[in-house]
Amino acid sequence: MAAVFLVTLYEYSPLFYIAVVFTCFIVTTGLVLGWFGWDVPVILRNSEETQFKTRVFKKQMRQVKNPFGLEIANPSSASISTGITLTTDCLEDSLLTCYWGCSVQKLYEALQKHVYCFRISTPQTLEDALYSEYLHREQYFIKKDSKEEIYCQLPKDTNIEDFGTVPRSRYPLVALLTLADEDDREIYDIISMVSAIHIPDKTYKLSCRILCQYLLPTQGQFHDLKQLYMSANNNATPSSNSSPEGESTDRSLLEKAGLSESEVEPPEESSKDCVVCQNGTVNWVLLPCRHTCLCDGCVRHFQRCPMCRQFVQESFALRSQKEQEKDKQKTL
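Using our numbering, you'd call the opening residue of the sequence shown number 116 and step up by one each time.
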């Protein structure tokens, strides 16, 4: 019956062609929308329209006070044989626990346990998570606001000259900062800080530096501290300790370790001028490249970072307008 109806429609009515074309249009439209969704495919868009309609999301900042501070004093003189000097700057009485030759795998397993199992708020909890996978342990009491210099060294009877060839399974030194007073752990959101430090030895002579730092909050997360890339200052001069020979040596050692220069944080440049207008104060951090180079007036005009040309996915302000107005009033 259907065939007879189609033949009759074909012979006596032009609506047959209209029905076939309309059906094909509906099927094609359904396939396109099902594949691409309601957005127009990128291939069909104008490049200028794509560039200027890209939304840059402003990331909301949550202010958290970090009670811990740790730096390396005189990194050029540090080595496995001579030891290392650490400078601490803590807002409260704290404990500095140093783990020499700490297992890389066990350390990151411990960080995961902080997220899912228990909170690493004391040196004992970290040792339980590491399963004693370290070679030597030192502990020091740090008074608040003292900015002490702590000298750490492996005992001579350990007879350790290096930690093997690259890639290594152990960090030369892992420093843990925790709050000494139990009552202080209820005040601060950050309860501990873990720092993995490279120290040169006979096998791997890359200069001493902090490889990574992790803040451990009470909520059961861990945040990787990363340095911001400030805009370059024309008046900035390189350090007198650096030399072309030393830079080339570090570069070759990084290549042997499987690291690129971009994975090692460059020294922070101090500049307060926007790289675009050269007039406004730098206030905005662009993500994911972490370049801090734009002022409040110029940030709204850029979908790409003016320093590296990478697309900006998120951005956040270092200071609010109220804080900037307060600083202006103080200067006046």
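Each residue gets a CB set at the ideal place from its N, CA and C atoms; glycine is no exception.
Owing to the predicted nature of the structure, the values given are computational and were not obtained by experimental measurement.
Asked	Found
Beta-bridge pairing of residue 332 - partner residues as DSSP gives them	305
Segment contact, 8 Å Cβ cut-off, at least three pairs: the segment 208 to 228 with the segment 276 to 295	yes
Own chain, CB closer than 6 Å to residue 244, minus 5 neighbours either side, in chain order	225 and 228
C-beta contact flag for residue 407 and residue 343 at 7 Å	yes
Where the alpha helix (DSSP H) containing residue 239 begins and where it ends	238 to 245
Residue 254 in three-state terms, based on DSSP	strand
Start and end residues, alpha helix (DSSP H) containing residue 230	219 to 231
Beta-bridge pairing of residue 431 - partner residues as DSSP gives them	400
For residue 421, three-class secondary structure by DSSP	coil
Cβ-Cβ distance between residue 292 and residue 236 below 7 Å	no
Through-space distance from residue 175 to residue 409, alpha-carbon basis	17 Å
Simplified DSSP state of residue 391, which is helix, strand or coil	coil
Proximity below 7 Å, CB of residue 262 to CB of residue 207	no
For residue 426: DSSP bridge partner residues	419
Through-space distance from residue 303 to residue 182, alpha-carbon basis	8 Å
First through last residue of the beta strand (DSSP E) which encompasses residue 289	285 to 294
Residues of its chain near residue 306, where Cβ-Cβ distance is below 8 Å and the 5 sequence neighbours each way are ignored	234, 235, 236, 293, 294, 300, 331, 332 and 333
Chain-order list of residues whose beta-carbon lies under 6 Å from that of residue 268 (same chain, five-residue window excluded)	198
Residue from 200, 196, 247 and 398 whose Cα sits closest to the Cα of residue 220	247
Contacting residues, own chain, Cβ-Cβ under 6 Å from residue 328 (five flanking each side not counted)	310 and 340
Extent of the continuous beta strand (DSSP E) run through residue 339	338 to 340
Buried/exposed call for residue 139, threshold 16 Cβ in 10 Å	exposed
For residue 272 and residue 191, the rounded distance between their alpha carbons	24 Å
Residue 401 vs residue 423 beta-carbon contact at 7 Å	no
Three-state secondary structure assigned by DSSP to residue 279	coil
First and last residue of the uninterrupted beta strand (DSSP E) at residue 264	264 to 267
Of the listed residues 232, 396, 290 and 279, nearest to residue 255 (C-alpha basis)	290
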